[in-house]
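Participant: This is the structure, below, for whatever I ask next.
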Ligand code: ACM
Ligand code: ZN
């Protein structure tokens, strides 16, 4: 079939009546629809100040797009024809990036303080126009829009080190960002597995550091290290000319590129290029994956040549990137090399540094001074707080929000990028149906319901939250198509978080508008996740009672379920938003149904084990780690058993005993108590040495009923779940106390030998 006819047949144009609000994302601050429409055709003219260079570029960008979809090249500043007016002039109440847009049948008028607002008004217009070429007049529905962003940092990150995404993909990525009114692209240019930016003074960085031995067919953590003599064939880098071109391309789309040059860790590729940069100064090759044994990945903090090198590199980076912010990493520094390095130890002595955390702080402060002296601002991952934050530093909070909260309270600026929910390398749909990834689960709705301003901050402190950003790490993302899939549609949800007023947040409205954007993706050939169609089965354990809530993110969908273990179908009972009471041990299976069809290839399934402590509050003597909170405080009494997925269900304790006390609410006959524990040695999670079970009738005086010793070897590498169980003759008890004794240190030969381990516990079962 003729291509053009084919397109005309399959394209469904977005349809707008005057009454219906167009499906704009991010939702504008205010949008009022009018009567009629403005028609763009070959007689339409754009009036604007042609002596304004920036504005002229923006108008050309607009005209290119109009030509692309309509076939018409609009004329500029003509006396006749209908007018699209673009004015930069002092405009109240919209800030530096906002705009006013008025579409009436006789004219379109865009007003903004500068070209940035004009550009965003164009993006709003593009969303109401056809998404692909129609070769005809374009109808723009009448409307009046006033719009401006909530945050000044609206970012997306891309890791081009672990996978090399070339200039074309980077530009397509920037296009997507600009279409959703993001203004910051965080370009992760260097890491252990590849240095990706040409530096004139240090050619080896790209001659050696940009290339690694190709083990890409293996899973990240399983890749063997390169051996001397093996040919490095995988990689690539951006030449200075390519960087300049991309920076220019981004600037024309209102996007600032924040380059990241990692230090002092994540630098194995730079060290492979110039071995004098490490403590050992031993030659090595760039890493092939995630195996850090016998690799130097830190710069030596005791060697002044390292600082000269980094200052030279940053000097060239300043030349290429106009960004005020320069990202210097700072995350995940294993300080072992520094502990064993005479130069690093000498530096610590000379500078009066108490420990290696302070040595890292010395490193970052020294670089911060250099960056500030060059009239730029340093930003780094939240580890730069440890050992003392450099005076002018801005913090990117990734290990949850704690780092960001601490920095904001100290009066430092912060960008929020918490792993949950803003790491877009985690799954967004049922892993059974998604491309293989790093694990973890950040659904579209979790992204949409995130707020970048933590409630711990007061109004003054909250001003330090510049905004938020999602990160796309590429250890498990080996193609451009996969990368696009991971950010779509989650970046669309994030765009509304960082742009639109908080009080207008509305999941149902967003989900409805998103359907139009899905059509646009289809028409433009973009790949995206259709969403998390898995039913979430959430326990609600309270006051001794257990219910199960079922939910799904599917648009206009229903949930059907069974409680007798059989496979659910469209004929099974429909969940009607009342939680299901669980009174005996039960397996719930559930599917999502839309348009009469089952959308879940694999039903969600959850078994609840009922026992006498269900729904009872657990009091911990030592606090549970904020990283492993499972479903909340009652996770140990919610009837859901932990599985081998370590990120869910388990409560984790690092280097401390778990001591849990449960009030059963009234005196009960008790004859067995058990505690489930996990060993996952690779992640430093070990069985407790022993578990002690005690009972009490007053909650003050406890009687030991049994102590159960561990019998799982610390060298067991398989993920192992063990129930420590005390069986005893029936006795009366109201209170139960369970103590799990942590190990004295990780075993000999373990990568963390001698260091504290974790204990992971789930479900205290009382019968
Ligand atoms: C990070 O994810 N290591 C910043
Ligand atoms: Zn050193």
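Residue numbers (the working numbering): 397 to 1163. We treat Cβ as the ideally placed atom computed from N, Cα and C, and that holds for glycine. Predicted model, so just to flag it, every value in this text is computed and none were measured.
1. Mind checking which residues open and close the beta strand (DSSP E) that includes residue 498?
2. Any heavy atom of the ligand ACM inside 6 Å of the beta-carbon of residue 1149?
3. CB-CB under 7 Å to residue 716, same chain, minus the five flanking residues each way: which ones, in chain order?
4. Tell me whether residue 1080, by its Cβ, gets closer than 6 Å to a heavy atom of the ligand ACM.
5. Taking buried to mean at least 16 other C-beta atoms within 10 Å of its own C-beta, is residue 523 buried or exposed?
6. Identify, in the order they occur along the chain, each residue of the same chain with its Cβ nearer than 6 Å to the Cβ of residue 504, setting aside the five sequence neighbours on each side.
7. Scan the stretch 730-802 and note each continuous beta strand (DSSP E) run of 3 residues or more that stays entirely inside, going in chain order.
8. Taking DSSP as the reference, what is the three-state secondary structure of residue 402?
9. Hey, residue 892 and residue 422 are a contact pair by Cβ (cut 8 Å); roughly how many whole angstroms apart?
10. Excluding sequence positions up to five away, which residues of its chain have a Cβ less than 8 Å from the Cβ of residue 444?
11. Which full runs of the alpha helix (DSSP H) of 4+ residues lie inside the stretch 1108-1152, going along the chain?
12. If you follow the alpha helix (DSSP H) that residue 918 is in, where does it begin and where does it stop?
13. Check the DSSP bridge columns for residue 526 and list the partner residues they point to.
14. How far does the beta strand (DSSP E) with residue 484 in it extend, from its first residue to its last?
15. Are the stretch 733-744 and the stretch 693-705 in contact at 8 Å, needing three or more beta carbon pairs?
16. Can you tell me which of the three DSSP states residue 435 falls into?
17. Please report the residue range of the beta strand (DSSP E) in which residue 608 lies.
18. Helix, strand or coil: which one does DSSP assign to residue 622?
19. For the ligand ACM, enumerate in chain order all residues having a CB closer than 6 Å to any of its heavy atoms.
20. For residue 947 versus residue 957, is the C-beta spacing smaller than 7 Å?
21. Which residue's Cα is closest to the Cα of residue 623: 965, 1003, 679, 418?
22. Note down the Cα distance separating residue 475 from residue 569, rounded to an integer number of angstroms.
23. When every heavy atom of the ligand ZN is checked, does at least one fall within less than 6 Å of the C-beta of residue 1073?
24. Is residue 841 helix, strand or coil when you go by DSSP?
25. Can you tell me the Cβ-Cβ gap for residue 818 and residue 870, rounded? I've got them flagged as a contact below 8 Å.
26. Which residues count as close to the ligand ZN when the rule is a CB under 7 Å from any of its heavy atoms, in chain order?
27. Do the stretch 933-943 and the stretch 1022-1036 meet, that is, are 3 or more Cβ pairs less than 8 Å apart?
28. Please list the terminal residues of the continuous alpha helix (DSSP H) segment that includes residue 585.
29. If you reduce the DSSP assignment to three classes, tell me which class residue 456 lands in.
30. Quick check: what's the CA-CA separation for residue 873 versus residue 477?
31. Alpha carbon to alpha carbon, how far is residue 850 from residue 553?
32. Assign residue 846 to buried or exposed, taking buried as 16 or more other Cβ atoms, counted over all protein chains shown, within 10 Å of its Cβ.
33. Where does residue 470 fall in DSSP's three states?
34. Rounded to whole angstroms, how far is the Cβ of residue 941 from the Cβ of residue 833, which I believe are closer than 8 Å?
35. For a minimum of 3 consecutive residues, which ranges assigned as the beta strand (DSSP E) are wholly contained in the stretch 931-955?
36. Alpha carbon to alpha carbon, what distance is there between residue 1081 and residue 1111?
Facilitator: Reading from the atomic positions:
1. Your numbering for residue 498 matches position 102 in the chain shown. Run containing residue 498: 495-500, per the beta strand (DSSP E) assignment.
2. Against the chain shown, residue 1149 aligns to sequence position 753. For the ligand ACM, not one heavy atom lies less than 6 Å from the Cβ of residue 1149.
3. Position 320 of the chain shown, counting from 1, holds the residue named residue 716. Within the same chain, residue 716 has close Cβ partners 636, 639, 640, 643.
4. Within the chain shown, residue 1080 is the residue found at index 684, counting from 1. For the ligand ACM, not one heavy atom lies less than 6 Å from the Cβ of residue 1080.
5. One-based indexing of the chain shown puts residue 523 at position 127. Answer is buried; the Cβ neighbour count reaches 16.
6. Translated into positions along the chain shown, residue 504 becomes position 108. 434, 480.
7. 773-777, 790-793
8. The residue given as residue 402 occupies position 6 in the chain shown. Reliability of the predicted coordinates at residue 402 is poor, the pLDDT of 39 falling under 50, and the value obtained from them is presented with this limitation in mind. Of the three classes helix, strand and coil, the one that applies to residue 402 here is helix, per DSSP.
9. Taking the chain shown and counting its residues from 1, the one referred to as residue 892 is at position 496. Taking the chain shown and counting its residues from 1, the one referred to as residue 422 is at position 26. Contact holds; Cβ gap of about 4 Å.
10. In the chain shown, residue 444 corresponds to position 48, counting from 1. Closer than 8 Å at the Cβ level, and outside the excluded window around residue 444, lie 451, 452, 455, 472, 473, 481, 482, 483.
11. none
12. Counting from 1 along the chain shown, the entry for residue 918 is found at position 522. Where residue 918 is concerned, the enclosing alpha helix (DSSP H) stretches over 903-920.
13. Within the chain shown, the letter at position 130 stands for residue 526. DSSP output for residue 526 lists no bridge partner at all.
14. Residue numbering aside, residue 484 sits at position 88 when the chain shown is read from its first letter. Run containing residue 484: 479-484, per the beta strand (DSSP E) assignment.
15. yes
16. Here residue 435 is taken as the residue at index 39 of the chain shown, counted from 1. Residue 435 falls in the strand class under three-state DSSP.
17. In the chain shown, the residue the question calls residue 608 occupies position 212. Residues 607-609.
18. For this step, residue 622 is matched to residue 226 along the chain shown. Note: residue 622 maps to coil in three-state DSSP.
19. 727, 728, 777, 794
20. Position 551 of the chain shown holds residue 947. Position 561 of the chain shown holds residue 957. No, these two residues do not count as a Cβ contact at 7 Å.
21. The sequence position of residue 623 within the chain shown is 227, counting from 1. Nearest C-alpha to residue 623: 679.
22. Along the chain shown, one-based indexing puts residue 475 at 79. Along the chain shown, one-based indexing puts residue 569 at 173. Cα to Cα, residue 475 sits roughly 38 Å from residue 569.
23. As a working mapping, residue 1073 is identified with position 677 in the chain shown. Not so, every heavy atom of the ligand ZN lies at least 6 Å from the Cβ.
24. Here residue 841 is taken as the residue at index 445 of the chain shown, counted from 1. Residue 841 falls in the helix class under three-state DSSP.
25. Here residue 818 refers to the residue found at position 422 of the chain shown. Here residue 870 refers to the residue found at position 474 of the chain shown. At roughly 16 Å, the Cβ-Cβ gap does not stay under 8 Å, so residue 818 and residue 870 are not in contact.
26. 675, 696, 697, 698, 699, 733, 734, 737, 739, 740
27. yes
28. On the chain shown, position 189 is the one that residue 585 refers to. Segment: none, residue 585 is in no alpha helix (DSSP H) and carries neither H nor E.
29. As a first step, residue 456 is located in the chain shown; it is residue number 60 there, counting from the start. Reduced to three states, the DSSP call for residue 456 is helix.
30. Position 477 of the chain shown, counted from the start, is the residue given in the question as residue 873. Position 81 of the chain shown, counted from the start, is the residue given in the question as residue 477. Between residue 873 and residue 477, the C-alpha separation is close to 50 Å.
31. Counting from one through the chain shown, the residue named residue 850 turns up at place 454. Counting from one through the chain shown, the residue named residue 553 turns up at place 157. The alpha-carbon atoms of residue 850 and residue 553 are separated by roughly 21 Å.
32. On the chain shown, position 450 is the one that residue 846 refers to. Residue 846 is buried by the Cβ-count criterion.
33. Translated into positions along the chain shown, residue 470 becomes position 74. It is coil, neither helix nor strand.
34. Working through the chain shown from its first residue, we reach residue 941 at position 545. Working through the chain shown from its first residue, we reach residue 833 at position 437. Not quite, the Cβ-Cβ distance comes to about 37 Å (not below 8 Å), so this is no contact.
35. 932-938, 941-947
36. For the purposes of this step, residue 1111 is identified with residue 715 of the chain shown, where counting begins at 1. For the purposes of this step, residue 1081 is identified with residue 685 of the chain shown, where counting begins at 1. Cα-Cα distance, rounded: 12 Å.
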